[in-house]
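For the sequence shown, full-length UniProt numbering begins at 1 and goes up steadily by one. Even glycine gets a Cβ: it sits at the ideal position worked out from N, Cα and C.
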Amino acid sequence: MSTELTIPQTGSEVRRLIREGSFNQPTSGVAPHHVQANVAILPKDVAFEFLLFCQRNPKPCPVVEVIEAGEVEAALTAPGSDIRTDVPLYRVYKNGELVDEPRTLESHWRDDLVTFLLGCSFSFEHALMANGIDLPYYGTERNVPMFITDIETAKSGDFSGPMVVSHRWIPQDKVVRAVQATSRFPDTHGAPIHIGDPSKIGISDITKPDFGAVWEQGNDDEVPVFWACGVTPQSVAMASKPELMITHSPGHMFVTDLKDEDLAVL
Numbered sequence: 001m002s003t004e005l006t007i008p009q010t011g012s013e014v015r016r017l018i019r020e021g022s023f024n025q026p027t028s029g030v031a032p033h034h035v036q037a038n039v040a041i042l043p044k045d046v047a048f049e050f051l052l053f054c055q056r057n058p059k060p061c062p063v064v065e066v067i068e069a070g071e072v073e074a075a076l077t078a079p080g081s082d083i084r085t086d087v088p089l090y091r092v093y094k095n096g097e098l099v100d101e102p103r104t105l106e107s108h109w110r111d112d113l114v115t116f117l118l119g120c121s122f123s124f125e126h127a128l129m130a131n132g133i134d135l136p137y138y139g140t141e142r143n144v145p146m147f148i149t150d151i152e153t154a155k156s157g158d159f160s161g162p163m164v165v166s167h168r169w170i171p172q173d174k175v176v177r178a179v180q181a182t183s184r185f186p187d188t189h190g191a192p193i194h195i196g197d198p199s200k201i202g203i204s205d206i207t208k209p210d211f212g213a214v215w216e217q218g219n220d221d222e223v224p225v226f227w228a229c230g231v232t233p234q235s236v237a238m239a240s241k242p243e244l245m246i247t248h249s250p251g252h253m254f255v256t257d258l259k260d261e262d263l264a265v266l
């Protein structure tokens, strides 16, 4: 997002700007306090297997809404939306290969496609910042770093593959607060799945993320903390090779009208 633009404050405003073609960047920091969602779109004949996959893997794939085959509006979480146009950047995978990264899905849309909206860690970032944790990419054109791990997801039918995590550097004295703050949001990945040594989850080089942009350690007091990530379906697409899977481009989320507190637990 250009620093000259005013940060849009609501989900409907973000979606309007995206649809008009005037916003096409990562969505961290936009519509503060609104739930953002990862997107996975699949043909109806494999949608039930994917729903089971999400049920068996609630940390990386918490389901916020399912849009029925052929429908384009997220009627429960974003009335008036159009999933074909309201994400800043999409990815199209065919048989496990990334074949396109379009701005809209109008040329790829089919009436048999089912859309899954999955919780996103961008939704709890304001809670981290409220606890004094700086997120240098927040509200900028930068993206959070994401890594493919060696943590295997629970298989469902043909769907399987490694979990993806998002990474943030957290000051040592704020780690407990970060866990507490994000634990309140299980539908947007909840508490971290790993704290400390990246190699323990198969990450060999913290300076080379598989998705997003590198985030350099600020000082020796910062600890690497990792949350399950809704980009996991993209690693599953590459591993399982479904005929078609359409997703958001990492960091370019679908922004709903729900408020973070709507999904919070006490």
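Hey, quick one: how far does the beta strand (DSSP E) through residue i stretch, first residue to last?
| i | result |
| --- | --- |
| Val64 | Val63 to Ile67 |
| Glu222 | Glu222 to Ala228 |
| Leu117 | Leu113 to Gly119 |
| Val99 | Glu97 to Asp100 |
| residue 285 | Residue 285 lies beyond the stretch modelled for the chain, which goes from 1 to 266, so this question has no answer here. |
Using the C-alpha atoms, what's the distance from residue j back to residue i?
| i | j | result |
| --- | --- | --- |
| His248 | Glu101 | 9 angstroms |
| Ile67 | Thr115 | 5 angstroms |
| Gln9 | Asp112 | 33 angstroms |
| Lys174 | Gly70 | 45 angstroms |
| Met1 | Gly157 | Low confidence applies here, because Met1 scores a pLDDT of 42, under 50, leaving its location unreliable; read the following figure in that light. Going by the C-alpha atoms only, they are around 39 angstroms apart. |
| Leu258 | Ala47 | 24 angstroms |
| Gln36 | His126 | 12 angstroms |
| Phe23 | Phe159 | 33 angstroms |
| Val223 | Val64 | 30 angstroms |
| Met245 | Ile41 | 6 angstroms |
When we look at the beta-carbon of residue i and count the other beta-carbons within 10 Å, is it buried (16 or more) or exposed?
| i | result |
| --- | --- |
| Ala130 | exposed |
| Val187 | In the sequence as presented, Val is not what sits at residue 187; that position holds Asp. With 16 or more other Cβ atoms within 10 Å, it is buried. |
| Ala154 | exposed |
| Lys208 | exposed |
| Gln180 | exposed |
| Gly161 | buried |
| Asp197 | exposed |
| Ile148 | buried |
Report all residues from its chain with a CB closer than 7 angstroms to the CB of residue i; omit the five preceding and five following residues, and keep chain order.
| i | result |
| --- | --- |
| Gln217 | Trp169 |
| Lys241 | Asn95 and Gly96 |
Terminal residues of the continuous alpha helix (DSSP H) containing residue i?
| i | result |
| --- | --- |
| Ala181 | Val175 to Ser183 |
| Lys44 | Lys44 to Arg56 |
| Ile18 | Gly11 to Glu20 |
| His167 | Premise fails: His167 lies in the beta strand (DSSP E), Pro162 to Pro171, not in any alpha helix (DSSP H). |
Nearest to residue i by CA position, among the options, is which residue?
| i | options | result |
| --- | --- | --- |
| Arg251 | Gly190, Leu52, Glu152 and Val30 | The sequence shown places Gly at residue 251, rather than the Arg named in the question. Looking at the Cα atoms, Val30 is the closest of the given residues. |
| Ala191 | Gly202, Cys229, Tyr90 and Asp205 | Cys229 |
Apart from the five residues on each side of it in sequence, which residues of its chain come closer than 6 angstroms, Cβ to Cβ, to residue i?
| i | result |
| --- | --- |
| Arg56 | Ala154 and Ser156 |
| Tyr93 | Ala237 and Met245 |
With a CB to CB cut of under 8 angstroms and the five nearest residues on each side skipped, what residues in its chain are close to residue i?
| i | result |
| --- | --- |
| Ala239 | Gly96, Ser160, Gly161 and Pro162 |
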